[in-house]
Amino acid sequence: MTASCDLGLIGLAVMGQNLALNIESRGFRLAVYNRSPEAMQAFVAAHPGKRLHGATDLSHFVASLKRPRTVMLMVKAGGAVDAVLEQLGPLLDADDIVIDGGNSLFTDTERRAVALESRGLRFVGAGVSGGEEGARKGPSIMPGGPASTWQVLQPIFESIAARVDGQPCVMHIGEGGAGHYVKMVHNGIEYGDMQLICEAYAVFQAAGMSSDEMAEVFERWNDGELQSYLIQITGKILRQRDSETGVPVVDLILDKAGQKGTGQWTLMNAADNAVVVSTINAAVEARVLSSMKAARVAASAVLHGPVATLRGDRALLVAQVRDALYAAKIVSYTQGFDLMRTMGLRRGWALDLGGIASIWRGGCIIRARFLNRITEAFRAEPALANLMLAPFFCRALNESQAAWREVVATAVGHGIPVPAMSASLAYYDAYRSARLPANLLQAQRDLFGAHTDERIDSPAGQAFHTEWPDVVE
1 MTASCDLGLI GLAVMGQNLA LNIESRGFRL AVYNRSPEAM QAFVAAHPGK RLHGATDLSH
61 FVASLKRPRT VMLMVKAGGA VDAVLEQLGP LLDADDIVID GGNSLFTDTE RRAVALESRG
121 LRFVGAGVSG GEEGARKGPS IMPGGPASTW QVLQPIFESI AARVDGQPCV MHIGEGGAGH
181 YVKMVHNGIE YGDMQLICEA YAVFQAAGMS SDEMAEVFER WNDGELQSYL IQITGKILRQ
241 RDSETGVPVV DLILDKAGQK GTGQWTLMNA ADNAVVVSTI NAAVEARVLS SMKAARVAAS
301 AVLHGPVATL RGDRALLVAQ VRDALYAAKI VSYTQGFDLM RTMGLRRGWA LDLGGIASIW
361 RGGCIIRARF LNRITEAFRA EPALANLMLA PFFCRALNES QAAWREVVAT AVGHGIPVPA
421 MSASLAYYDA YRSARLPANL LQAQRDLFGA HTDERIDSPA GQAFHTEWPD VVE
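Letter 111 of the sequence shown, counting from 1, is numbered 111 in the numbering used here, and no numbers are missing.
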């Protein structure tokens, strides 16, 4: 068989199919394979005239690829990736490249890279964000792995990625599992973004706003600093009516959210690295609580609280919620970028935070005008310790915080849960506090465990233990 294909793709679910069509449309000849031959055959048959070569077995698939072979996996994260690699690995030769384009945990990516490297193969964990539409029209791509692979992958990835201001939304993130790690944090930030929008929606509901009125607000916001894909689709969702009943579709959807694990992975990694991601944590917990639908319904009959009905100047409320959402969003991104900065230093990945913000401006789920400001902040000061300290964001937080406090206080006073907005505000207040009550906490630790403490009247790092009085039981 003639090896005529530039790239091979394994896995023809929705993302795989759309990515395959994207790659082919850029002038590349593509070999495609799926565990189910019927799915592969149906896909190829549905796109006659395309440069698609369908393979019914992996040997045929591999033989159709130009050397060094490049194979991209678009299969479900976890055991499915290992199963494909076990079958595919023996068919490849030294210097061939295997790309995992799924949402794999970065430590799994690093384990697989070591195993394949022992056979002379090069393994790349590449985060791909943008969903079905992004895969077809241009996603944001976050490839990691050996630097030597970038020379091979750059022409392909840059041609299929989204573009903003003429720049492709892809860059080599770093060695090892850096690509999948950055995609994981992207998804964690996405959790925070989505939850904050949902909390704004909850406040508007309590104010008696209709779905159309809320849609108008989100559409207006999408023309300003809050412009983003998530704000845009929120407006579209709120406009959508059920074809049979005429009721807003959103009102017919059960309030029970799902998740695939990347948010939880972000929390666990943040805990391992002692980085605060309280907004993302609140967002993950909100999804968990939402899944407890039956328990919540039962509790609503016996656990009492204020009536969640807001009165007053609606225009003022909308303006305040806008500021609160923007400020809390700044904090959410601050925490995500702090986690990447910390992990990048510990792993020696030399993560370009400004570059990462730049490639997130298009294609991905969290794409937003806001990311231009983050790119500018890190370009101006690559070693920026905390995004809130960048001049633009410092100003924005100082200007927004009064409205932010009012929204959180109003929500709490009326029994409207706003965990992500509240967590973001608590982080902001803690970070800006020159003195926190941790002195009392250290005294407690020293009393019950002789953990010692430092004193404000002594050099930093000097440890003291106080002889505390006996505690009477």
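Using N, Cα and C, we set each Cβ at its ideal position, and we do this for glycine too.
Values in this document were obtained by computation on a predicted structure and should not be read as measured data.
| For Ala-31 and Lys-66, the rounded distance between their alpha carbons | Against the sequence shown, residue 66 aligns to sequence position 66. Against the sequence shown, residue 31 aligns to sequence position 31. Their Cα atoms are separated by approximately 10 Å.
| said: What residue range does the beta strand (DSSP E) around His-53 cover? | reply: The sequence position of residue 53 within the sequence shown is 53, counting from 1. From DSSP, the beta strand (DSSP E) with His-53 extends over 52 to 54.
| message | For a minimum of 4 consecutive residues, which ranges assigned as the alpha helix (DSSP H) are wholly contained in the stretch 318 to 401? | response | 353 to 359 and 370 to 380
| From Glu-132 to Ile-189, what does the alpha carbon distance come to, in whole angstroms? | On the sequence shown, residue 132 is found 132 positions in, with the first residue counted as 1. On the sequence shown, residue 189 is found 189 positions in, with the first residue counted as 1. Rounded to the nearest angstrom, the two C-alpha atoms are 20 Å apart.
| Using a Cβ-Cβ cut-off of 6 Å (strictly less than) and excluding sequence neighbours within five positions of Gly-134, which residues of its own chain qualify? | Within the sequence shown, numbered from 1, the residue matching residue 134 stands at position 134. Hits under 6 Å: Gly-363.
| alpha helix (DSSP H) segments (min. 4 residues) lying fully within the stretch 118 to 173 | 131 to 137 and 148 to 160
| said: Just to confirm my understanding: we take Asp-457, look at its own chain, exclude 5 residues before and 5 after, and list those with CB closer than 8 Å. What are they? | reply: Taking the sequence shown and counting its residues from 1, the one referred to as residue 457 is at position 457. Cβ neighbours of Asp-457 beyond the five flanking positions: none.
| query | Mind pulling the alpha helix (DSSP H) runs of 4 or more residues that sit fully within the stretch 8 to 80? | reply | 14 to 25, 37 to 45 and 58 to 63
| query | Just reading off the beta strand (DSSP E) that Val-98 is part of, what are its end residues? | reply | Residue numbering aside, residue 98 sits at position 98 when the sequence shown is read from its first letter. Counting along the chain, the beta strand (DSSP E) containing Val-98 begins and ends at 97 to 100.
| request: For Leu-371, I'd like the list of residues in its chain whose CB is within less than 7 Å of its CB, leaving aside the five on either flank, ordered along the chain. | output: Here residue 371 is taken as the residue at index 371 of the sequence shown, counted from 1. Hits under 7 Å: Ala-357, Trp-360 and Arg-361.
| Unbroken alpha helix (DSSP H) run spanning Ser-290, endpoints | Taking the first residue of the sequence shown as position 1, residue 290 is located at position 290. 278 to 291 is the span of the alpha helix (DSSP H), which, as asked, contains Ser-290.
| task | Inspect the CB distances between the stretch 190 to 206 and the stretch 169 to 176 and report whether three or more fall short of 8 Å. | result | no
| Buried or exposed by the 16-neighbour rule on C-beta atoms within 10 Å, applied to Glu-117 | To locate residue 117, count along the sequence shown from 1; it is residue 117. It is exposed - the Cβ of Glu-117 has fewer than 16 other Cβ atoms within 10 Å.
| said: Quick check on Arg-296: does DSSP put it in helix, strand or coil? | reply: For the purposes of this step, residue 296 is taken as the residue at position 296 of the sequence shown. Residue state, collapsed to three classes: helix.
| task | Over the uninterrupted alpha helix (DSSP H) stretch that includes Asn-269, give me the two end residues. | result | Translated into positions along the sequence shown, residue 269 becomes position 269. Its alpha helix (DSSP H) spans residues 262 to 272.
| Should the stretch 384 to 395 be called in touch with the stretch 247 to 265, which here means at least 3 C-beta pairs below 8 Å? | no
| Cα-Cα separation between Ser-64 and Leu-91, rounded to whole angstroms | By one-based count along the sequence shown, residue 64 stands at place 64. By one-based count along the sequence shown, residue 91 stands at place 91. Those two C-alpha atoms are separated by around 12 Å.
| field | Option nearest Ala-282 by Cα separation, candidates Leu-267, Ser-291 and Lys-293 | value | Indexing the sequence shown from 1 puts residue 282 at position 282. Looking at the Cα atoms, Leu-267 is the closest of the given residues.
| said: Closer than 8 Å is the cut-off here; do at least three beta carbon pairs connect the stretch 215 to 226 with the stretch 313 to 327? | reply: Counting Cβ pairs under 8 Å, three or more are found: they touch.
| field | Where Arg-241 falls: helix, strand or coil (DSSP) | value | Residue numbering aside, residue 241 sits at position 241 when the sequence shown is read from its first letter. In the structure shown, Arg-241 sits in a strand (DSSP, three-state: E or B).
| Asp-429, DSSP secondary structure in three states | Here residue 429 refers to the residue found at position 429 of the sequence shown. Of the three classes helix, strand and coil, the one that applies to Asp-429 here is helix, per DSSP.
| request: Label Trp-468 either buried or exposed according to how many other C-beta atoms from any shown protein chain fall within 10 Å of its C-beta, with 16 as the threshold for buried. | output: Locating residue 468 in the sequence shown gives position 468, where the first residue counts as 1. Flag for Trp-468 reads exposed.
| request: Along the alpha helix (DSSP H) that carries Gly-179, what are the first and last residues, could you check? | output: Here the question's residue 179 lines up with position 179 in the sequence shown. Its alpha helix (DSSP H) spans residues 178 to 206.
| Cβ atoms of Gln-320 and Glu-406: under 8 Å apart, would you say? | Along the sequence shown, one-based indexing puts residue 406 at 406. Along the sequence shown, one-based indexing puts residue 320 at 320. In this structure, Glu-406 sits near Gln-320, with a CB-CB distance shorter than 8 Å.
| task | Specify the secondary structure class of Ser-228 as computed by DSSP and reduced to three states. | result | Here the question's residue 228 lines up with position 228 in the sequence shown. Three-state DSSP puts Ser-228 in a strand.
| message | My assumption, with CB atoms under 8 Å, is that Ala-257 sits in contact with Ser-291. Please give the rounded CB distance. | response | Sequence index remark: in the sequence shown, residue 257 carries index 257 (1-based). Sequence index remark: in the sequence shown, residue 291 carries index 291 (1-based). A Cβ-Cβ distance of about 7 Å is found for the pair Ala-257 and Ser-291, placing them in contact under the 8 Å criterion.
| message | So if DSSP puts Pro-419 in a beta bridge, which residue, or which two residues, is it bridged to? | response | Here the question's residue 419 lines up with position 419 in the sequence shown. Residue pairing by DSSP places Pro-419 in no beta bridge whatsoever.
| Distance, Asn-18 Cα to Gln-41 Cα | Translated into the one-based positions of the sequence shown, residue 41 becomes position 41. Translated into the one-based positions of the sequence shown, residue 18 becomes position 18. Cα to Cα, the separation comes out at about 15 Å.
| request: Please classify Pro-248: does DSSP put it in a helix, a strand, or coil? | output: Position 248 of the sequence shown, counted from the first residue, corresponds to residue 248. In the structure shown, Pro-248 sits in a strand (DSSP, three-state: E or B).
| Same chain only: Cβ atoms within 6 Å of Lys-259, ignoring 5 sequence neighbours per side | Counted from its first residue, the sequence shown places residue 259 at position 259. It should be noted that the sequence gives Gln, not Lys, for residue 259. Contacts found: Arg-287.
| request: Look up Asp-93 in the DSSP assignment and say whether it is helix, strand or coil. | output: Mapped onto the sequence shown, residue 93 falls at position 93. Coil at Asp-93, not helix or strand.
| task | Less than 8 Å between the CB atoms is what I'm expecting for Leu-425 and Val-408, so what's the real figure, rounded? | result | In the sequence shown, counting from the first residue as 1, residue 425 sits at position 425. In the sequence shown, counting from the first residue as 1, residue 408 sits at position 408. At roughly 5 Å, the Cβ-Cβ gap stays under 8 Å, so Leu-425 and Val-408 are in contact.
| field | Top-ranked residue by Cα proximity to Val-318, from Asp-255, Met-388, Arg-435 and Ile-197 | value | For the purposes of this step, residue 318 is taken as the residue at position 318 of the sequence shown. If we check each option's Cα against that of Val-318, Ile-197 comes out closest.
| field | CB contact flag (Gly-125, Gly-79, <8 Å) | value | Locating residue 125 in the sequence shown gives position 125, where the first residue counts as 1. Locating residue 79 in the sequence shown gives position 79, where the first residue counts as 1. No, Cβ-Cβ distance for Gly-125 and Gly-79 is not below 8 Å.
| message | In whole angstroms, give me the CA-to-CA distance for Arg-136 and Ile-23. | response | For the purposes of this step, residue 136 is taken as the residue at position 136 of the sequence shown. For the purposes of this step, residue 23 is taken as the residue at position 23 of the sequence shown. If I take the Cα positions, the gap works out to 9 Å.
| request: State the CB to CB distance for the pair Gly-102 and Met-74, rounded to an integer number of angstroms; the pair is presumed to be in contact (CB under 8 Å). | output: In the sequence shown, residue 102 corresponds to position 102, counting from 1. In the sequence shown, residue 74 corresponds to position 74, counting from 1. 6 Å between Cβ atoms; contact.
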